[in-house]
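A.B. asks: Residues in the first sequence are numbered consecutively from 1, following UniProt numbering.
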Amino acid sequence: MLPRTFYERPTLDVAPELIGKVLTIIHDDGTHLKGRIVEVEAYIGPDDRASHTYGGKQTVRNQSMFKQGGTAYVYIIYGLHHCMNVVTRGIGKPEGVLLRAVEPLEGIETMSMRRYGKPIEDLTRRERLNLTNGPGKFGQAFGISRDGMDGHDFCSSTLFLEDGERGTVLRSKRIGIPNSGEAKDYLWRFYEADNPYVSKHPKETE
DNA sequence: TAAAGGATCCACT
DNA sequence: GTGGATCCTTTAA
Numbered sequence: 001m002l003p004r005t006f007y008e009r010p011t012l013d014v015a016p017e018l019i020g021k022v023l024t025i026i027h028d029d030g031t032h033l034k035g036r037i038v039e040v041e042a043y044i045g046p047d048d049r050a051s052h053t054y055g056g057k058q059t060v061r062n063q064s065m066f067k068q069g070g071t072a073y074v075y076i077i078y079g080l081h082h083c084m085n086v087v088t089r090g091i092g093k094p095e096g097v098l099l100r101a102v103e104p105l106e107g108i109e110t111m112s113m114r115r116y117g118k119p120i121e122d123l124t125r126r127e128r129l130n131l132t133n134g135p136g137k138f139g140q141a142f143g144i145s146r147d148g149m150d151g152h153d154f155c156s157s158t159l160f161l162e163d164g165e166r167g168t169v170l171r172s173k174r175i176g177i178p179n180s181g182e183a184k185d186y187l188w189r190f191y192e193a194d195n196p197y198v199s200k201h202p203k204e205t206e
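1) For the alpha helix (DSSP H) containing residue 223, name the first residue and the last one.
2) So, using beta-carbon positions, are Lys-21 and Arg-174 closer together than 9 Å?
3) According to the neighbour-count rule (16 or more other Cβ atoms, all chains shown, within 10 Å of its Cβ), is Lys-34 buried or exposed?
4) Would Leu-131 pass as a contact of Ser-112 if the rule is Cβ separation under 9 Å?
5) Helix, strand or coil for Tyr-75 per DSSP?
6) Note down, in chain order, each residue of its chain lying with its Cβ closer than 6 Å to the Cβ of Asn-195, except the 5 sequence neighbours on either side.
7) Helix, strand or coil for Phe-154 per DSSP?
8) With a threshold of 16 other CB atoms inside 10 Å of the CB of Glu-206, please say whether the residue is buried or exposed.
9) Less than 8 Å between the CB atoms is what I'm expecting for Glu-162 and Met-1, so what's the real figure, rounded?
10) For the 8 Å Cβ check, are there 3 or more pairs between the segment 150-158 and the segment 40-58?
11) Would you list, in sequence order, the uninterrupted beta strand (DSSP E) runs of no fewer than 3 residues that lie entirely inside the segment 74-108?
12) With which residues is Glu-39 paired in a DSSP beta bridge?
13) With burial defined as no fewer than 16 other Cβ atoms inside 10 Å of the residue's Cβ, what is the status of Lys-118: buried or exposed?
14) Helix, strand or coil, according to DSSP, for Ile-177 in the structure here?
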């Protein structure tokens, strides 16, 4: 399992290195879920208009962002989708990386039932790719919720990351950022080239 | 207490 | 490629 020192570094160093890492979540009912991370975005609180912690703003919802590196920050977007972040740097530094998409490795049956209520063999090709190719979809497939997951430690026996194979890492502008303000142009999205589980393959890449 | 908006997803064209 | 759904969190009065 990746040590805490992996997370307690500059966010823009951690984010691209998360590509290819294998995430494991073990739920209370014993189900093992594994996925290979293929898409992330960095959010650097104090200087980032698009972050929930812009200017160091601290609320009931985002308090996990202020904890030590390797903490999970889970929030609900648009009232219904759960998104998971990995907190970086140290206590009092509200920075993190949003996990946007993974490639399913283990527990695919469970993911299929959670997402579509039917077994994997009944899914269309499109539905299989739609299991985890977006922040909210990944959250639903992995059974992520604020109860129990928010504030959880990535250095624990039921939630952790391990090394995995990594392909070519590309970078782009982030997705869903309003088309105004200086934060929109930052190339803080990282994803694996040619991976079908990446939510979007934009034109502007480096 | 009320109002506005959002780090998205899905169905439809 | 486009637009609507949907409800929680924040902020201001």
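For each residue, glycine too, the CB sits at the ideal point set by N, CA and C.
Please read all numbers here as calculations on a predicted model, not as lab measurements.
C.D. replies: This is what the structure gives:
1) With the chain covering 1 to 206 only, the question about residue 223 has no answer from this structure.
2) Indexing the first sequence from 1 puts residue 21 at position 21. Indexing the first sequence from 1 puts residue 174 at position 174. No, these two residues do not count as a Cβ contact at 9 Å.
3) What you label residue 34 is simply residue 34 of the first sequence in a count that begins at 1. When all chains shown are included, Lys-34 counts as buried.
4) The residue given as residue 131 occupies position 131 in the first sequence. The residue given as residue 112 occupies position 112 in the first sequence. Taking 9 Å as the Cβ cut-off, Leu-131 and Ser-112 qualify as a contacting pair.
5) Mapped onto the first sequence, residue 75 falls at position 75. DSSP places Tyr-75 in strand when its eight states are reduced to three.
6) Translated into the one-based positions of the first sequence, residue 195 becomes position 195. Excluding sequence neighbours, Asn-195 sits near Val-38.
7) Counted from its first residue, the first sequence places residue 154 at position 154. Three-state result, Phe-154: coil.
8) In the first sequence, counting from the first residue as 1, residue 206 sits at position 206. Note on Glu-206: pLDDT 43, under 50, position unreliable in the model; the coordinate value appears next. When all chains shown are included, Glu-206 counts as exposed.
9) By one-based count along the first sequence, residue 162 stands at place 162. By one-based count along the first sequence, residue 1 stands at place 1. About 6 Å separates the two Cβ atoms, so the contact holds.
10) no
11) 81-88 and 95-106
12) Position 39 of the first sequence, counted from the start, is the residue given in the question as residue 39. Partner(s): Ala-101 and Tyr-191.
13) Here residue 118 refers to the residue found at position 118 when the first sequence is read from its first residue. Flag for Lys-118 reads exposed.
14) On the first sequence, residue 177 is found 177 positions in, with the first residue counted as 1. If DSSP states are grouped into helix, strand and coil, Ile-177 belongs with coil.
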